[in-house]
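Residue numbers (the working numbering), protein chains in the order written: chain D, 55 to 336; chain L, 120 to 361. Glycine included, each C-beta is placed from N, C-alpha and C at the ideal position.
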Amino acid sequence: MLLDVENSRRLRFLAAVGIGSLVVGGAVMAFALETFPQTQQAPPGAATLPPASAATAGQSGTQAPAGSAPGSQPAQSGLNIVVLDPAHGGTDPGARGTGGIQESEITLEFATGVRRALEQQGFQVVGTRQGNENPSFDDRSAMANAQRGSVFITLHIASTGIPGTVRVYVNSDLPPLTAANGFIPWDLAQAPFLGLSRKLGDLVQGMLTHQFKGSPDIAQTAAIRQLRTTAAPAIAVEVSSVVVNDRADLDHMVPGVAGAIARGVAAFKPVYAIAAPSGAMP
Amino acid sequence: MTEPATAPARGRWKFWLTTLLVFAVIGAAIFVPILRKRMKRAAQLQQQSEEQARRELIQPVPMNPSDPRVKAELFWLSDADSSMLAPVVVELPLSSDPVLRSKQVLNTLLAGPVDVELRTLPPDAVLLAFYILPDGTAIADFSEALATSIPSGIQSEQLAVDSLTHTLEANVPQLKRLKILIHGQEVETLAGHVDLTGTFAVNADAGPSPANPATGPAVGKTGAFLVPPLTLSFSTVKLAER
Numbered sequence: 055m056l057l058d059v060e061n062s063r064r065l066r067f068l069a070a071v072g073i074g075s076l077v078v079g080g081a082v083m084a085f086a087l088e089t090f091p092q093t094q095q096a097p098p099g100a101a102t103l104p105p106a107s108a109a110t111a112g113q114s115g116t117q118a119p120a121g122s123a124p125g126s127q128p129a130q131s132g133l134n135i136v137v138l139d140p141a142h143g144g145t146d147p148g149a150r151g152t153g154g155i156q157e158s159e160i161t162l163e164f165a166t167g168v169r170r171a172l173e174q175q176g177f178q179v180v181g182t183r184q185g186n187e188n189p190s191f192d193d194r195s196a197m198a199n200a201q202r203g204s205v206f207i208t209l210h211i212a213s214t215g216i217p218g219t220v221r222v223y224v225n226s227d228l229p230p231l232t233a234a235n236g237f238i239p240w241d242l243a244q245a246p247f248l249g250l251s252r253k254l255g256d257l258v259q260g261m262l263t264h265q266f267k268g269s270p271d272i273a274q275t276a277a278i279r280q281l282r283t284t285a286a287p288a289i290a291v292e293v294s295s296v297v298v299n300d301r302a303d304l305d306h307m308v309p310g311v312a313g314a315i316a317r318g319v320a321a322f323k324p325v326y327a328i329a330a331p332s333g334a335m336p
Numbered sequence: 120m121t122e123p124a125t126a127p128a129r130g131r132w133k134f135w136l137t138t139l140l141v142f143a144v145i146g147a148a149i150f151v152p153i154l155r156k157r158m159k160r161a162a163q164l165q166q167q168s169e170e171q172a173r174r175e176l177i178q179p180v181p182m183n184p185s186d187p188r189v190k191a192e193l194f195w196l197s198d199a200d201s202s203m204l205a206p207v208v209v210e211l212p213l214s215s216d217p218v219l220r221s222k223q224v225l226n227t228l229l230a231g232p233v234d235v236e237l238r239t240l241p242p243d244a245v246l247l248a249f250y251i252l253p254d255g256t257a258i259a260d261f262s263e264a265l266a267t268s269i270p271s272g273i274q275s276e277q278l279a280v281d282s283l284t285h286t287l288e289a290n291v292p293q294l295k296r297l298k299i300l301i302h303g304q305e306v307e308t309l310a311g312h313v314d315l316t317g318t319f320a321v322n323a324d325a326g327p328s329p330a331n332p333a334t335g336p337a338v339g340k341t342g343a344f345l346v347p348p349l350t351l352s353f354s355t356v357k358l359a360e361r
């Protein structure tokens with residue numbers, strides 16, 4: 055009987071040691087796996103070393119939903135919605151200043167101010183992110199492409215440029231659409247909206263330049279990935295810059311930038327309504 | 120009679136087994152992080168050696184002094200306005216072969232202007248490969264530094280691309296479009312903003328590649344920020360050393 059009790063204690067001790075070893079071992083392995091270097095992951099984009107594949111890469115073959123058809127999207131609804139995109143986020147901090155300023159944080163702060171100003175103008179605002187997430191370019195575009203009667207504004211903070219200035223960009227020219235079925239290829243979703251984007255960009259840039267001296271008079275053109283797949287009038291607003299010595303310098307710009315964007319979008323609303331009956335094709 | 124003798128022996132065996140297990144776990148706890156660090160270092164070394172091997176294979180094309188000296192236009196940031204590009208005229212001995220000529224002007228562009236503040240491309244970026252397709256599309260493959268060292272932003276990235284396309288347009292008339300690869304791969308953006316999935320117009324008359332109608336943002340004219348050219352003789356231009 056005594057032997058049985060002793061054996062039972064030993065067994066319990068051994069079981070406890072065994073379980074403890076498993077827990078410690080498991081924790082060590084979990085830590086090792088979690089922090090294991092990700093060097094073997096394929097980089098974004100398809101391998102394109104062969105020249106032929108490089109020339110044909112980039113076509114997904116996907117198409118925007120029917121709601122994005124250029125003739126139907128804004129015709130019935132008019133402009134009511136602004137899709138606001140604070141760029142970057144999550145593992146992508148964007149531009150970084152010497153003082154620890156991160157573009158992803160500042161864009162979120164600007165988005166809060168712009169949202170408030172737009173709502174005061176009577177617009178409904180849809181944000182592509184609310185916190186420190188990083189939706190893909192296509193996910194952000196999809197949020198705009200799912201709306202009817204919307205414009206898309208992506209907010210950026212540059213790492214160059216004269217501090218205290220703001221530049222508006224529209225997408226570079228895209229090849230003309232050839233699809234006759236009313237659908238827009240996803241990769242060219244911005245193509246039919248470039249004219250409207252230019253009008254929106256010039257209006258917003260004008261308001262910003264009035265507020266922030268030294269900014270350009272009209273919107274600039276750039277090959278912006280985020281805008282290319284957006285089936286709506288779409289602009290990028292880039293504030294200079296993350297290299298300011300004091301973050302307060304950027305914070306002070308929020309009300310001015312927000313007000314100028316809201317006034318620019320409000321000025322664009324009648325242009326958008328006039329353009330709609332003849333189709334959104336600019 | 121045998122049971123009292125075997126029970127302590129079994130107990131000792133279990134004790135040693137348990138001790139062995141505990142030491143194994145402690146050993147693993149110490150060894151796994153070391154192993155992880157060594158693997159990470161090995162992966163980095165492998166990556167570096169691949170880059171080094173490519174650089175050694177593709178040395179910068181030397182200028183041939185016997186080639187005719189021509190006035191090449193290189194586009195860096197304007198001294199008057201850093202949001203614009205300005206052509207700088209430099210006398211260089213350039214090959215008549217479009218591939219060699221393109222490599223020569225791009226390597227000079229990468230080397231940078233006298234004033235380092237006016238450079239458009241990172242100083243550690245290297246042209247790894249350059250070739251021209253029969254339809255006039257040029258493929259330029261740069262080292263990862265082009266994407267990782269460039270200041271992130273729409274303006275800075277667009278100016279970098281414009282400096283490449285304008286320099287090629289001014290000096291290599293055979294080219295129509297430019298496709299930019301990073302370390303042999305197509306990437307979605309240069310540094311988070313400018314789209315690299317398509318081709319960029321080099322010659323103003325060139326449209327998007329027929330083989331790739333879904334791409335081809337035309338940047339040549341619309342994205343240009345040009346000011347009147349500044350003329351310098353080659354002897355006065357000291358190229359920054361990489």
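Status (buried if at least 16 other CB within 10 Å, exposed otherwise) for residue i
i	result
residue 232 of chain L	buried
residue 304 of chain L	buried
residue 132 of chain L	exposed
residue 211 of chain L	buried
residue 138 of chain L	exposed
residue 187 of chain L	exposed
residue 264 of chain D	exposed
residue 224 of chain L	buried
residue 278 of chain L	buried
residue 174 of chain D	exposed
residue 302 of chain L	buried
residue 178 of chain D	exposed
Three-state secondary structure assigned by DSSP to residue i
i	result
residue 210 of chain D	strand
residue 175 of chain D	coil
residue 195 of chain D	helix
residue 253 of chain L	coil
residue 204 of chain D	strand
residue 187 of chain D	coil
residue 267 of chain L	helix
residue 180 of chain D	strand
residue 319 of chain D	helix
residue 205 of chain L	strand
residue 235 of chain L	helix
residue 298 of chain D	coil
residue 146 of chain L	helix
residue 140 of chain L	helix
residue 309 of chain D	helix
residue 216 of chain D	coil
residue 314 of chain D	helix
For residue i: DSSP bridge partner residues
i	result
residue 368 of chain L	This structure leaves residue 368 of chain L out entirely; chain L is present only between 120 and 361.
residue 190 of chain L	L:210
residue 225 of chain D	D:276
residue 151 of chain L	Beta-bridge pairing links residue 151 of chain L to no other residue.
residue 290 of chain D	D:208 and D:223
residue 320 of chain L	L:296
residue 143 of chain D	D:146
residue 156 of chain D	D:150
residue 196 of chain L	L:204
residue 313 of chain L	D:278
residue 308 of chain L	L:314
Where the alpha helix (DSSP H) through residue i begins and ends
i	result
residue 217 of chain L	217 to 230
residue 280 of chain L	273 to 290
residue 265 of chain D	248 to 265
residue 304 of chain D	301 to 305
Nearest to residue i (by Cα), restricted to the options the options
i	options	result
residue 259 of chain L	L:194, L:284, L:192 and L:159	L:284
residue 154 of chain D	D:310, D:277, D:213 and D:261	D:213
residue 294 of chain D	D:245, D:190, D:284 and D:308	D:308
residue 297 of chain D	L:308, L:159 and L:270	L:270
residue 158 of chain D	D:175, D:148 and D:135	D:148
residue 200 of chain D	D:169, D:316, D:325 and D:285	D:285
residue 293 of chain L	L:282, L:229 and L:256	L:256
residue 240 of chain D	D:325, D:192 and D:320	D:192
residue 238 of chain L	L:217, L:290, L:276 and L:263	L:276
residue 217 of chain L	L:246, L:242, L:197 and L:250	L:250
residue 269 of chain D	D:249, D:283 and D:292	D:292
residue 320 of chain L	L:203, L:289, L:199 and L:306	L:289
residue 280 of chain L	L:136, L:204 and L:144	L:204
N- and C-terminal bounds of the beta strand (DSSP E) containing residue i
i	result
residue 138 of chain D	135 to 140
Against chain A: residues of the stretch 182 to 210 of chain L by CB proximity under 7 Å: Given the protein chain composition of this structure (D and L), no chain A is represented.
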